[in-house]
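Trainee:
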Amino acid sequence: MDDTYHIFGLEITSVISLPATPVLDPRPDTDPDVVITYGEAPEALKNPKFKGVRFQADPGEFLLRVDGVARYHVQEGCRITILPEAGANEDDILVFLMGSAMGALLHQRNILALHAGAIAVNGGSIIFSGPSGIGKSTLAAGFHRRGYAFLADDVCAITTDNGHPLVIPGFPRLKLWADVLKKINADKNTLKSVRWGKDLEKYFLPADGFSNTPVPIKSVFILEMTNTDKMEITTLKGAGKIDPLLDNTYRRRFLEGLGGKKDHFRQCAAVAAHAAVYRTVRPDKGFLLDELMDMVEARFLS
Amino acid sequence: MKGIIWLASYPKSGNTWFRVFLTNLLRDADTPASINELESTPIASARGVFDNNMGFEASDLTADEIDRLRPELYIHLAENATEQLFMKIHDAYTDVADNMSLIPHAATGGALYFIRNPLDVAVSFAHHNGSDYDTSITRMADKAFAFCGKPDRLHNQLRQKLLSWSNHILSWVDSAPFPVCLLRYEDMKSQPLETFTKAIRFAGLDYTREQISKAIDFSLFDVVQQLEEAEGFREKNSASSRFFRKGQIGSWREELNETQAKRIVDDHREVMRRFGYLDENGKIIY
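Sequence lines, in order, name chains Z and B.
For our numbering, count along the first sequence from 1 and bump the result up by 3.
For our numbering, count along the second sequence from 1 and bump the result up by 205.
Quick look at the structure:
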């Protein structure tokens, strides 16, 4: 029988084992919020509003095609149908399911998803956002090692309660590259790799003491790199806080076809209204993780 | 659909100089453009371009998987471009699968290929990478040389197979099935108006002699060097102190020793001769 999970605040029943602890007592009498199954997925959507290279998006409908892995058909925010390619490995299927397919599903449900990692500090959540390779997961992992509770990596889902934005915890694991694991003294040999049998030294690091309770947002650090030696944090103000949130929305282009851009703007504005937003610049040469963490920590503890 | 015009070269061969010129030409303003606003000529190996258009991230793929998707990315970009698209590229022209080139003909209008005396490239490349001259000479001779190839970390760009300096040139000039316009750094320096005009006509752009002259003046070495001094240059490698360093022809003569110069000539003799960097007696021309 398929397991049921609580992820991103949703009750999800999945044909594939997800990297989370299954729920022993699913809600009786009502359907789960999301069902993930194997089945038929179309080769293409009919006249989608927006097409990328390997995704197509239309209101309520989304299709992703990954060569040698699977097609993912995401519908109405409640169903993901996966058509695996012959010989595809389940670990590989999982990577794109937890990433782009889940991101599209959150967009369909009008849940704000930032491209970010998040931790919890004294009952408030701290978000690290920015483009690929900027250090989001590294910071989340580093702070988790310093004893802070881990909330999300890569996809950071945000809901509102009476207008107050909260981070909804995601999958209880981080994706980290071998060089980062070395930096935080984690042994890659004990970890599962993200892609099965592939020349990619990227691993899953499970999070400890994970909780599913949403946490009100306190601060958002927008990460940037510079080719100088400058390491600095500046406080963003007013409308200037909104653009970086829009820009760092998870798979923002999906919204071009899915719609909901007005809601998306409102959600980002709500985060900007309730949280401190900092522009955080670090040198691209080397990664002075401890120095950066000290600077960031001083801000979020203040 | 207008195909992409590729701005192709081995590193440190005048590509960025041309991009500064082109930015100024397209902008056609009364003052020089900022060197930090070269967005109209993005690099083909940028992670963001791939991630934004693909639907999933390059960071979850191996370098070979990424390579197999890149041709589709460029076709997609060409199909959706609303104006002439220029892309900088340091990859050699290679195949990513049977009968599939990294740079698909279907996405291409043509390529401007920039070439520079390899002895000057070796010096400039070393300063760019913060390495010594012998290392850059070794890299230039390495037929398997690539940028961003290590699989244990996330690089700021996608992997780029450069091959050796000679093979890089031959891959574009001899293998590409689309028109390639060859531009020598030395000619851009000594006969700028003629050389830049040739490039602009090849790209199908219709600008006057006055407009081209102005863009050349706004991208003169002294000008960009001052701009870098004043505002920094975001494309500079953090290992080097400045991007626009000397920009001279023949500065290798003060930098390389005889053994180093001989190594480069031995490694690249045939291509150097073919493109006018060695005379018939084997003497280095620049």
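Even for Gly, the Cβ is constructed at its ideal location relative to N, Cα and C.
Write down every uninterrupted run of the alpha helix (DSSP H) in the stretch 219 to 247 of chain B whose length is 4 residues or greater and which is fully enclosed by it, in chain order.
Mentor: 220 to 232
Trainee: To which residues of the same chain is G71(Z) closer than 7 angstroms at the C-beta, ignoring the five residues directly before and after it?
Mentor: Taking the first sequence and counting its residues from 1, one reaches residue 71(Z) at position 68. Correct list, in chain order: E88, A91.
Trainee: Which bits of chain Z does P356(B) rub up against, with CB to CB less than 7 angstroms?
Mentor: In the second sequence, the residue the question calls residue 356(B) occupies position 151. By Cβ distance, chain Z contributes D202, L203, E204.
Trainee: For D265(B), count neighbouring Cβ atoms within 10 angstroms of its own Cβ and tell me buried if that reaches 16, exposed if not.
Mentor: Counting from 1 along the second sequence, the entry for residue 265(B) is found at position 60. It counts as buried.
Trainee: So which residues on chain B does W199(Z) lean against when the C-beta distance must stay under 7 angstroms?
Mentor: For this step, residue 199(Z) is matched to residue 196 along the first sequence. Within chain B, no residue comes near W199(Z); the closest Cβ sits about 11 angstroms away, beyond 7 angstroms.
Trainee: If I follow the unbroken beta strand (DSSP E) through L277(B), where does it start and stop?
Mentor: Here residue 277(B) refers to the residue found at position 72 when the second sequence is read from its first residue. Going by the sequence as given, residue 277(B) is Glu instead of Leu. Run containing E277(B): none in the beta strand (DSSP E); it sits in the alpha helix (DSSP H), 268 to 285.
Trainee: Which runs of the beta strand (DSSP E) spanning at least 3 residues fall entirely within the stretch 107 to 175 of chain Z, listed in chain order?
Mentor: Taking only runs of at least 3 residues, the beta strand (DSSP E) segments lying wholly in the stretch 107 to 175 of chain Z are 115 to 124, 127 to 132, 152 to 155, 158 to 164, 167 to 171.
Trainee: Could you give the distance in angstroms between the alpha-carbon of I320(B) and the alpha-carbon of L203(Z)?
Mentor: Residue mapping note: residue 320(B) aligns to position 115 of the second sequence, counting from 1. Residue mapping note: residue 203(Z) aligns to position 200 of the first sequence, counting from 1. For I320(B) and L203(Z), the distance between alpha carbons rounds to 34 angstroms.
Trainee: Could you name the residues of chain Z that S456(B) contacts, counting a contact when the two beta carbons are closer than 7 angstroms?
Mentor: Numbered from 1 along the second sequence, position 251 holds the residue referred to as residue 456(B). The contacting residues do not exist; S456(B) stays about 23 angstroms from chain Z at best.
Trainee: Against chain Z, does L261(B) count as a neighbour if the rule is that its beta carbon must be under 8 angstroms from one of theirs?
Mentor: One-based indexing of the second sequence puts residue 261(B) at position 56. The sequence as given places Phe at residue 261(B); Leu does not occur at that position. True, the Cβ-Cβ gap to chain Z drops below 8 angstroms.
Trainee: The beta strand (DSSP E) with D303(B) in it runs from where to where?
Mentor: As a first step, residue 303(B) must be located in the second sequence, where it is residue number 98. Judged by DSSP secondary structure, D303(B) falls outside any beta strand (DSSP E); it is assigned neither H nor E.
Trainee: If the cut-off is 8 angstroms on Cβ atoms, which residues from the stretch 246 to 278 of chain B count as contacting chain Z, listed in chain order?
Mentor: Result list: R252, G253, D256, N257, N258, M259, G260, F261, E262, A263, S264, D265, L266, T267, A268, D269, E270, R273, L274, E277, L278.
Trainee: Please tell me whether Y187(B) and S380(B) are closer than 8 angstroms, where the distance is taken between their beta carbons.
Mentor: Nothing can be reported for residue 187(B): it is not among the residues displayed for chain B, which extend from 206 to 491.
Trainee: What are the uninterrupted segments assigned as beta strand (DSSP E) that are 3 or more residues long and contained completely in the stretch 214 to 257 of chain Z, given in chain order?
Mentor: Listed in chain order, they are 218 to 229, 235 to 238.
Trainee: Are the beta-carbon atoms belonging to P168(Z) and I220(Z) less than 8 angstroms from one another?
Mentor: By 1-based counting over the first sequence, the position of residue 168(Z) is 165. By 1-based counting over the first sequence, the position of residue 220(Z) is 217. Yes, the Cβ-Cβ distance between P168(Z) and I220(Z) is below 8 angstroms.
Trainee: List, in order along the chain, the chain Z residues whose C-beta lies closer than 7 angstroms to that of R439(B)?
Mentor: What you label residue 439(B) is simply residue 234 of the second sequence in a count that begins at 1. What R439(B) touches in chain Z, judged by beta-carbon distance under 7 angstroms, is N230, going in chain order.
Trainee: Please report the residue range of the alpha helix (DSSP H) in which S395(B) lies.
Mentor: Within the second sequence, residue 395(B) is the residue found at index 190, counting from 1. It spans 390 to 395 - the alpha helix (DSSP H) in which S395(B) sits, taken as one unbroken run.
Trainee: Are the beta-carbon atoms of H110(Z) and L261(Z) separated by less than 8 angstroms?
Mentor: Here residue 110(Z) refers to the residue found at position 107 of the first sequence. Here residue 261(Z) refers to the residue found at position 258 of the first sequence. It is a contact, given that the beta carbons lie within the stated cut-off.
Trainee: Could you check whether the stretch 188 to 196 of chain Z touches the stretch 151 to 171 of chain Z, counting it as contact only if at least three pairs of C-beta atoms, one from each stretch, sit closer than 8 angstroms?
Mentor: no
Trainee: Extract the residue ranges of the beta strand (DSSP E) inside the stretch 47 to 106 of chain Z, only unbroken runs of 3 or more that lie entirely within it.
Mentor: 58 to 61, 64 to 69, 73 to 78, 82 to 87
Trainee: Could you spell out the range, first to last residue, of the beta strand (DSSP E) harbouring H9(Z)?
Mentor: The sequence position of residue 9(Z) within the first sequence is 6, counting from 1. First-last of the beta strand (DSSP E) with H9(Z): 6 to 10.
Trainee: Check each candidate in S239(B), N361(B), I210(B) and name the one with the smallest Cα separation from T246(B).
Mentor: Along the second sequence, read from residue 1 onward, the residue named residue 246(B) stands at position 41. Taking only the C-alpha atoms, the option nearest T246(B) is I210(B).
Trainee: Going by beta carbon distance, what residues of the same chain come within less than 7 angstroms of K366(B), once the five residues before and after it are set aside?
Mentor: As a first step, residue 366(B) must be located in the second sequence, where it is residue number 161. Taking C-beta separations shorter than 7 angstroms and ignoring five residues to either side along the sequence, the partners of K366(B) in its chain run D296, A297, T299, A351, following chain order.
Trainee: Roughly how many angstroms separate the alpha carbons of A272(Z) and A73(Z), rounded to a whole number?
Mentor: Sequence index remark: in the first sequence, residue 272(Z) carries index 269 (1-based). Sequence index remark: in the first sequence, residue 73(Z) carries index 70 (1-based). Approximately 36 angstroms between the Cα atoms of the pair.
Trainee: Taking Cβ to Cβ, would you say S222(Z) is nearer than 8 angstroms to Y281(Z)?
Mentor: As a working mapping, residue 222(Z) is identified with position 219 in the first sequence. As a working mapping, residue 281(Z) is identified with position 278 in the first sequence. Yes, they are a contact pair.
Trainee: State the start and end residues of the unbroken beta strand (DSSP E) segment that holds V38(Z).
Mentor: Here the question's residue 38(Z) lines up with position 35 in the first sequence. Run containing V38(Z): 37 to 41, per the beta strand (DSSP E) assignment.
Trainee: Under the assumption that S128(Z) contacts L177(Z) (Cβ atoms under 8 angstroms), give the Cβ distance between them as a whole number of angstroms.
Mentor: Numbered from its first residue, the first sequence carries residue 128(Z) at position 125. Numbered from its first residue, the first sequence carries residue 177(Z) at position 174. S128(Z) to L177(Z), Cβ: 16 angstroms. No contact.
Trainee: Any contact of the stretch 99 to 117 of chain Z with the stretch 235 to 253 of chain Z, i.e. 3+ C-beta pairs under 8 angstroms?
Mentor: yes
Trainee: Could you spell out where the beta strand (DSSP E) holding E262(B) opens and where it closes?
Mentor: Here residue 262(B) refers to the residue found at position 57 when the second sequence is read from its first residue. No beta strand (DSSP E) contains E262(B), which DSSP labels as neither H nor E.
Trainee: If distances are taken between C-alpha atoms only, which option among E485(B), N361(B), R232(B), R478(B) comes closest to K532(B)?
Mentor: The displayed coordinates of chain B run from 206 to 491. Any statement about residue 532(B) would go beyond what the structure contains.
Trainee: On a Cα-Cα basis, can you pick out the residue from I280(B), L425(B), F255(B) that is closest to F223(B)?
Mentor: In the second sequence, the residue the question calls residue 223(B) occupies position 18. The candidate whose alpha carbon is nearest that of F223(B) is L425(B).
Trainee: Following the continuous beta strand (DSSP E) through W211(B), name the residue where it begins and the one where it ends.
Mentor: Taking the first residue of the second sequence as position 1, residue 211(B) is located at position 6. Segment 209 to 214, the beta strand (DSSP E) holding W211(B).
Trainee: If you compare alpha carbons, which of P382(B), C353(B), H332(B), L278(B) is closest to L461(B)?
Mentor: Translated into the one-based positions of the second sequence, residue 461(B) becomes position 256. Nearest option by C-alpha distance: H332(B).
Trainee: Can you tell me the Cα-Cα spacing of K49(Z) and P62(Z), whole angstroms?
Mentor: One-based indexing of the first sequence puts residue 49(Z) at position 46. One-based indexing of the first sequence puts residue 62(Z) at position 59. For K49(Z) and P62(Z), the distance between alpha carbons rounds to 12 angstroms.
Trainee: What's the C-alpha gap between D303(B) and D157(Z)?
Mentor: Locating residue 303(B) in the second sequence gives position 98, counting from the first residue. Locating residue 157(Z) in the first sequence gives position 154, counting from the first residue. Looking at the backbone, the Cα of D303(B) and that of D157(Z) are separated by about 35 angstroms.
Trainee: Compare the C-beta of N361(B) against all C-beta atoms of chain Z and say whether one is closer than 8 angstroms.
Mentor: Here residue 361(B) is taken as the residue at index 156 of the second sequence, counted from 1. For N361(B), the answer is yes, since a Cβ of chain Z falls inside 8 angstroms of its Cβ.
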